[in-house]
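Here the structure is laid out as structure tokens; the discussion comes afterwards.
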Amino acid sequence: MSLQQQLISLKQVELAKSANQVLQRSNKTQRQESYKQALLELNQAFEEHLLQAVMLAFGLNSGQAKKVRYKKDRVRVFKQHDIDYTAIDGAETAQILSWIAQSIVYEDAIVTHDLDNIFPFWKEGFPMVQFDNAYTILLEDIQIHYEKVLDALIELHA
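Every number in our numbering is 280 more than the matching position in the sequence shown, counting from 1.
As structure tokens, this is what we get:
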């Protein structure tokens, strides 16, 4: 299987698969908690698949690829290969999803400064609410972003 074929196969990954499984296993009383967990799953799936694609496309080892998890390093690594990561549709969505995941894990789902007013119903210092709405919005955007990143990587090897 050629590098280009591997990247095309990665592009076809549905990032929400495990997140949707979390939601399917939940009941109404656990709804918001399930959406919170689904956001974490979505972020993890995005990061893992992006890492695989970047390792393949740029020939990075696992140590080098770990840096791709951080926005500044991600931008730099892509720029080394003449790809403007920040210009790819949805780059901001990836950052927002990452901030949300960090806030859920480390800040007990309190809206941080970076997330203030990202959604009209989120205010800094208050608990995050309406995870279902946030999930629905981010799900589509992150999938589009992921596919656009893969398009750029595939084009690099065309």
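Just so it is clear, CB atoms sit at the ideal spot from N, CA and C, and this is done for glycine as well. These figures come from a predicted structure and were not determined experimentally.
DSSP places I368 outside both helix and strand once states are collapsed to three, so it counts as coil. Nearest to Q292 by C-alpha distance, out of T416, K428, K351, V357, is K428. In the DSSP annotation of this structure, the continuous segment of the alpha helix (DSSP H) that includes T416 starts and ends at 411-436. The C-beta of K352 has fewer than 16 other C-beta atoms within 10 Å across all chains shown, which makes the residue exposed.
DSSP links P407 through a beta bridge to I390. Only exposed fits H393, as fewer than 16 other CB atoms lie within 10 angstroms of its CB. Three or more beta-carbon pairs separated by less than 8 Å link the stretch 375-393 to the stretch 319-330, which places the two stretches in contact.
In the three-state scheme derived from DSSP, where H, G and I count as helix and E and B as strand, I363 is classed as coil. In this chain, the alpha helix (DSSP H) harbouring F326 covers 311-338.
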